[in-house]
């Protein structure tokens, strides 16, 4: 399967096994580190872009100079439904409260809300004093209760957990009876946190905003799905930019490797002289160097990329989520899009491997034009 | 007595097989991890989002700035909202009011 030149190239690697091993290990970890740091935010962003398409078209909130404030449900729904193009209006009751392990998001689930997402026969809507919790909320009490503190302090009985597959949107979410949620958040009776509005067509989102704003007798702020996705994209792009900064030390390390590799190859000019004296052609010598570096770089690229995939798309994603997204408790299970991952890894591998290959081939090309006697003599003088 | 030969070429052949095996195994793992096995999870998530009218991904913990980034509005936009009452403010008023006595009148030297 392998020709003599390839076997000879590997024999050359074995002449200096530790140097080659060190180069391989450095390349592997450089590709794995840089690849992971670039791939993880991109995978999260790509996945969110897909999943966010299911969110409501517009979120409408009442604002005053101090910020965001609750809106009266009946008047708000009337005002929103009067606008042509609005398909559905759903008041949302939600807010942030303190849980046993830190802040949690509480949501009052509407009567028609639950059965569709959970086909489990045990599932029922949370009654007064009951809660359905996301996968990431641990109950420290064997009785399955969850103490929450917002406007009031109250303990709720956990009756069900949301599926782990929905973790990207429900990980630390607590679903309560709407009345419980209102009391806990401190909303007055008949008020909601905001309105979720759906429009008939995606392009209507922006066109309808002025009509919606004009329909309300108080100042409101609308955030469209597109704006919302842009806000999250901006946040994750900052993460990607930070990740890209790690390229700088990685590139510096590569420069050092290239310098060492070039010096090492230049120091072996006598070998090239002997090969040429024995009748090796320039093509043979270049092929030998090419094979020698490919045998080091190829498994390094494969192993580095494998490690990167394992960390981003495999079981390592949980650890990365804990590390990069700031979870002190159980991080959410990420189900990430793999689209575009290979392109990122090929770019990283290209950036890392091309200089190493060039540093090995350059002395061989230089030696090709040199005289045999000079090569052997030059090595002798060194 | 003839010494035992130590043929590095044979050893190199085995090494090449080992490299090929490692590379192929790594590529197989990459291919397996590249398969989109999470489509069902994303569809369930989308149904949950539609049913509960969720807008915020929970990949950032509650209470962090990026978690509810869409609820944050720069104050400058609110100040320029035509629906809000105008706040009369000028540096001149600030200086004059700081010179005012408790009664609210401007102190006069006359």
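Protein chains in written order, with our numbering: chain A, 1 to 382; chain B, 1001 to 1110.
For every residue, glycine included, the Cβ atom is placed at its ideal position computed from N, Cα and C.
If we require 3 or more residues per run, which beta strand (DSSP E) segments fall completely within the stretch 57-143 of chain A? 58-64, 67-69, 86-99, 102-108, 130-133
From the DSSP secondary-structure annotation, give me the bridge partner or partners of residue 147 (chain A). A:155
Start and end of the alpha helix (DSSP H) containing residue 52 (chain A)? Careful: residue 52 (chain A) lies outside any alpha helix (DSSP H) and carries neither H nor E.
For the alpha helix (DSSP H) that residue 222 (chain A) lies in, which residues bound it at each end? From DSSP, residue 222 (chain A) is part of no alpha helix (DSSP H) but of the beta strand (DSSP E) over 220-224.
Residues in the stretch 161-195 of chain A with C-beta within 8 Å of chain B's C-beta atoms, listed in sequence order? 162, 163, 165, 166, 167, 168, 169, 170, 171, 172, 173, 175
Start-to-end residues for the alpha helix (DSSP H) that takes in residue 198 (chain A): That residue, residue 198 (chain A), is in no alpha helix (DSSP H); its beta strand (DSSP E) goes 194-199.
Nearest by alpha-carbon distance to residue 197 (chain A): which of A:190, A:212, A:189 is it? A:212
Answer yes or no: does any C-beta atom of chain B fall closer than 8 Å to that of residue 76 (chain A)? no
In or out: residue 398 (chain A) buried (at least 16 other Cβ within 10 Å) or exposed? Lying before the first or after the last residue shown, residue 398 (chain A) is absent from chain A, which here runs from 1 to 382.
From A:136, A:131, A:202, pick the residue whose C-alpha is nearest to that of residue 147 (chain A); which is it? A:131
Coil, strand or helix - residue 1078 (chain B) by DSSP: Its pLDDT being 48, under 50, residue 1078 (chain B) is placed unreliably in this model, and the coordinates cannot settle the point.
Selection from A:338, A:299, A:333 that minimises the alpha carbon distance to residue 1027 (chain B): A:299
For residue 425 (chain A) and residue 1042 (chain B), I'd like the C-alpha separation in whole angstroms. Residue 425 (chain A) lies beyond the residue range present for chain A, which begins at 1 and ends at 382; the question has no answer from this structure.
With 16 other Cβ atoms within 10 Å as the buried cut-off, status of residue 261 (chain A): buried
Cβ neighbours of residue 321 (chain A) in the same chain (closer than 7 Å, five flanking residues each side left out): 327, 331, 332, 334
Exposed or buried, what is residue 17 (chain A) when buried is set at 16 or more other beta-carbons lying within 10 Å of its beta-carbon? exposed
Report all residues from its chain with a CB closer than 6 Å to the CB of residue 307 (chain A); omit the five preceding and five following residues, and keep chain order. 32
Per DSSP, the bridge partner or partners of residue 313 (chain A): Answer by DSSP bridge pairing: none, since residue 313 (chain A) is not bridged.
For residue 195 (chain A) versus residue 90 (chain A), is the C-beta spacing smaller than 8 Å? yes
On a Cα-Cα basis, can you pick out the residue from A:135, A:204, A:220, A:109 that is closest to residue 124 (chain A)? A:109
With DSSP collapsed to three states, give me the class of residue 334 (chain A). coil
Going along the stretch 87-108 of chain A in order, which residues come within less than 8 Å of chain B, judged by CB to CB distance? 90, 92, 96, 102, 103, 104, 105, 107
Secondary structure of residue 162 (chain A), DSSP reduced to three states: coil
4 or more residues per run - each alpha helix (DSSP H) lying fully within the stretch 272-313 of chain A: 282-313
Identify the residues that DSSP records as bridge partners of residue 1014 (chain B): which are they? For residue 1014 (chain B), which the question treats as bridged, DSSP gives no partner whatsoever.
Nearest candidate by alpha-carbon position, reference residue 348 (chain A), set A:280, A:244, A:362, A:368: A:244
Buried or exposed for residue 276 (chain A), please, with buried defined as at least 16 other CB atoms from any protein chain shown within 10 angstroms of its CB. buried
Neighbourhood of residue 50 (chain A) by C-beta, 7 Å cutoff - its chain only, sequence neighbours within 5 removed: 337
Once the 5 residues before and after residue 154 (chain A) are set aside, which same chain residues still bring their CB inside 7 Å of it? 148, 184
C-beta neighbour in chain B for residue 306 (chain A), strict 8 Å: yes
Once the 5 residues before and after residue 221 (chain A) are set aside, which same chain residues still bring their CB inside 7 Å of it? 61, 63
Beta-bridge partners of residue 187 (chain A), as assigned by DSSP: According to DSSP, residue 187 (chain A) bridges with nothing at all.
Rounding to the nearest angstrom, what Cα-Cα distance links residue 72 (chain A) and residue 218 (chain A) in this structure? 11 Å
Quick one: which chain B residues come within Cβ less than 9 Å of residue 51 (chain A)? 1042, 1045, 1046, 1049, 1057
Going by CA-CA distance only, name the one from A:145, A:6, A:350 that's closest to residue 161 (chain A). A:145
Buried or exposed for residue 1024 (chain B), please, with buried defined as at least 16 other CB atoms from any protein chain shown within 10 angstroms of its CB. exposed
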